Amino acid sequence: MRTADLLNSSWSAIRSHTMRSLLTMLGIVVGIASVVLTVGLGLGTQKDVSDQIASLGSDLLIVSPGSSTDDSGMRGGFGSAQTLTLTDAEALASTVAVPDAVGVAAEKTSDLSLEYGESNWTTTVTGTSTSWTQVRSRELLYGDFFTEDDVTSAADVIVLGSETADELFGSTAVVGQDVVIDGDAFEVIGVLADAGSSGDTSLDDLAVVPMTTMVETLDDSGASEAVQTIYLKAASSDVLSAASQEAQNLLLNLHGIASVEDADFTIDVQDSLIDAATSVYEQLTILLTGIAALALLVGGIGVMNIMLVSVTERTREIGLRKALGAAPATIRNQFLIEAMILGLSGGAIGVVIGVGLALALPSVLGSTIVISGLALVVSVVVAVGIGAVFGVYPAARAARLAPIDALRDQ
Amino acid sequence: MTSPSAATLDPDAPVIELTGARKTYLTGDIEFEALRGIDCRIYPGEYVAIVGPSGSGKSTLMNILGCLDVLTEGSYVLAGEDVSHMNEESLASARNRRIGFVFQQFHLLPSLTAVGNVELPLVYAGVAPAQRRERALAALGRVGLADKARNHPGQLSGGQQQRVAIARALVTEPAIVLADEPTGNLDSRSTADVLGMLDELHSEGSTIVLITHESDVAARAQTVYNVTDGQFVGDSVGIAK
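Laid out in structure tokens, this is it:
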């Protein structure tokens, strides 16, 4: 039998039972649509995360107070300890001790309420140095960042994140306005350009003031020397580990600690954050893919059920075709191709629905969905494969029917 | 395509040669001998009827002759080809090339047009679409249904459907036309119509084997074999033509 005739024969068998064929496909349609969505959602989230982290700079070292691990392997006092100081930051800025770093910015943060007229907004106020914009890869939308003079004089100036400015003023063009913090007026000298969000934390909801201003005017923790984080920007991502090593040696030295195990600080690399974030989303993707795979399995069993019914119903037709000279293999192929066409059609419809939802959902959910061409192709191939796998048994049954019995079937 | 028509075969050699044909069925522990040693030769151009009551083994014989089943013992040579021990694949090919079936229930596919049904054996023979359409239309012409080629079986009368089935049996130019109770589902007018059709094919040189339980139908044949208890009984009745 010619291949074209075989395809045609299978196709017309499907066409002659349109409703049943559509119902047979339904499981595969749902399964493939959810696979497309799941993969799209997984890729989208992963992209969001790595975009955010990459925007922070892949050449960034993050020094936090507290040891990374204690004897039992648990993190101890991470982030809350006060073992990092302004002195550490100044030392790290030395090009002799840490030659592979090109910028250092310490951050001393405090959650404070900002007021403007009737409105007020609580945000994280960060005290830092002038190198902050370079180290954190941030740009200004309006105005300027503060200068060394502002730092020296502990000037009451403030740079706002775009979201903070918007919440407080209802606008981002607010350079020259004053905000009040704890009764002190601060002049807005700049507004930062958008940087997106990192997980649940918006990178655009913040206020930045000179470190000296933070220490002298705003901080009331009593630990004026302590800083929360020191960011080091390496000359390039190639010398990241060298810079990390240099910073570690310097800090161990300064803190009078002999062994790395006893370190009272932690140095993180952005890459490791990417890895951590990615692994979470990978697990999520695996879970969702598992659910989608179950849906596809159910869809495949649906195909098998209906194909078995179809073989029983078409016993006489099979018998006749055999009597007229169809070899068992020909009958088997016809049913196998029918199952594969059902898989292909179901897969194609599923892809269309999946892509449709992927285009519609982001505006509803606010999450990014990345549609990967490869994923679509793989989905359709998988759908055809499911048709083939679950079509084997019904097709073999059809091929084994004895023509005499089949012809006599009423 | 290899479809040697009856005409290309040696006219003196039998088309069908059954020797010591036995068929035993096993139902549970019970052995049932449906055929108990049948010898039979049918020559090109013969019109043979096989008659017998139900349970006589004539259906089994028809299945054997139609290559729908194989013998337990003995040999069956069809158009010079020993089909006794063929596998399913080769039997399918033998049916396709050598045998044109006409069934009691017509067995037309309702989803196909008349010409589509007639084309079916050629589809399995791998004949190209244009050529098989031409041959199918010619076969429909032979049974006088050229104008019904585009009709579906549901739009045809019983007699017309059986004529479409005859056209389908003829289209491959088989060695024999095997008709199993071809008039069993027809009224008397259509019966006469279909039997007339078979007479006409016979007069044109086709070899016809007719299986029936009706003696008046069998009377149209040159030779009548009586099957009882899986054996031929009495002499075959030759009717001079």
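So the protein lines, in turn, are chains B and R. Once you know that position 157 of the first sequence is 207 in the working numbering, the rest is easy, because the numbers rise by one and skip nothing. Once you know that position 11 of the second sequence is -7 in the working numbering, the rest is easy, because the numbers rise by one and skip nothing. Quick reminder that beta carbons are idealized off the backbone N, C-alpha and C, glycines included. The structure presented is a predicted model; accordingly, all values stated were derived computationally and were not measured.
| Asked | Found |
| --- | --- |
| Test item: CB-CB of Ser38 (chain R) and Thr210 (chain R) under 7 Å | yes |
| Alpha helix (DSSP H) runs wholly inside the region 36 to 81 of chain R, at least 4 long, in chain order | 40 to 47, 70 to 80 |
| Interface residues of the region 27 to 57 of chain R facing chain B [CB-CB below 8 Å] | Asn45, Gly48, Leu50, Asp51 |
| Proximity winner among B:Met69, B:Trp61, B:Asp138, relative to Glu296 (chain B) (alpha-carbon distances) | B:Asp138 |
| Span separating the alpha-carbon of Pro135 (chain R) from that of Leu76 (chain B) | 32 Å |
| Runs of beta strand (DSSP E) wholly within the region 243 to 290 of chain B (minimum 3 residues, chain order) | 256 to 260, 279 to 284 |
| Contact list for the region 63 to 84 of chain R against chain B, Cβ threshold 8 Å | Glu70, Glu71, Ala74, Ser75, Arg77, Asn78, Arg79, Phe83 |
| Euclidean distance between Cα positions of Ala215 (chain B) and Ile208 (chain B) | 11 Å |
| For Ile280 (chain B) and Ala292 (chain B), the rounded distance between their alpha carbons | 17 Å |
| Candidates B:Glu157, B:Ser62, B:Met51, of which the one nearest Ile391 (chain B) by Cα | B:Ser62 |
| Nearest to Ile81 (chain R) (by Cα), restricted to the options R:Ala61, R:Thr54, R:His89, R:Glu55 | R:Ala61 |
| Residues of the region 87 to 109 of chain R with Cβ closer than 7 Å to any Cβ of chain B, in chain order | His89, Leu91, Ser93, Leu102, Pro103, Val105, Tyr106, Ala107, Gly108 |
| Continuous alpha helix (DSSP H) stretch holding Lys130 (chain R): start and end | Unbroken run through Lys130 (chain R): none, as it is neither H nor E. |
| Span of the alpha helix (DSSP H), counted from its first residue to its last, around Asp216 (chain B) | 212 to 219 |
| Neighbouring residues, chain R, relative to Asp51 (chain B) (Cβ below 7 Å) | The question names Asp, but residue 51 (chain B) in the sequence shown is Met. What Met51 (chain B) touches in chain R: Val105, Tyr106, Gly108. |
| Whole-Å CB distance - Gly397 (chain B) paired with Ile64 (chain B), under 8 Å assumed | Gly397 (chain B) to Ile64 (chain B), Cβ: 14 Å. No contact. |
| Contact set between Thr380 (chain B) and chain R, taken where Cβ atoms lie within less than 9 Å | Ala74, Tyr106 |
| Contact set for Asn170 (chain B): own chain, Cβ-Cβ below 6 Å, skip 5 residues either direction | Ser163 |
| Residue nearest to Ala243 (chain B) in terms of C-alpha spacing, selected from B:Ser187, B:Ala284, B:Ala276, B:Asp270 | B:Ser187 |
| The alpha helix (DSSP H) enclosing Leu407 (chain B), as first and last residue numbers | 378 to 415 |
| Under the three-state DSSP convention, the category Thr95 (chain R) falls into | coil |
| Spatial distance of Gln184 (chain B) from Val405 (chain B) (CA atoms) | 40 Å |
| Ile31 (chain B) - containing alpha helix (DSSP H), residue span | Residue 31 (chain B) lies beyond the stretch modelled for chain B, which goes from 51 to 460, so this question has no answer here. |
| C-alpha gap between Ser188 (chain R) and Val(-3) (chain R), whole angstroms | 11 Å |
| Residue from B:Val146, B:Ala156, B:Arg366, B:Pro453 whose Cα sits closest to the Cα of Leu110 (chain B) | B:Ala156 |
| Helix, strand or coil at Asn208 (chain R) according to DSSP, with G and I counted as helix | strand |
| Beta strand (DSSP E) runs contained entirely in the region 121 to 193 of chain R, provided each spans 3 or more residues | 158 to 162 |
| Below-7 Å beta-carbon distance, Ala377 (chain B) vs any chain R residue | yes |
| Span of the beta strand (DSSP E) around Pro115 (chain B) | 110 to 115 |
| Candidates R:His184, R:Ile148, R:Glu15: closest to Tyr25 (chain R) by CA position | R:His184 |
| Reference Asp232 (chain B), options B:Gln132, B:Val277, B:Tyr166, closest by Cα | B:Tyr166 |
| Counterpart residues of Val84 (chain R) in DSSP-defined beta bridges | R:Ala161 |
| Under 7 Å (Cβ pairs) to chain R, residues found in the region 342 to 364 of chain B | none |
| Three-pair Cβ contact test at 8 Å for the region 99 to 107 of chain R versus the region 118 to 128 of chain R | yes |
| Leu87 (chain B) at chain R interface by Cβ criterion, 7 Å | no |
| CB contact check: Asp55 (chain B) to chain C, cutoff 7 Å | Included in the structure are the protein chains B and R, with no chain C among them. |
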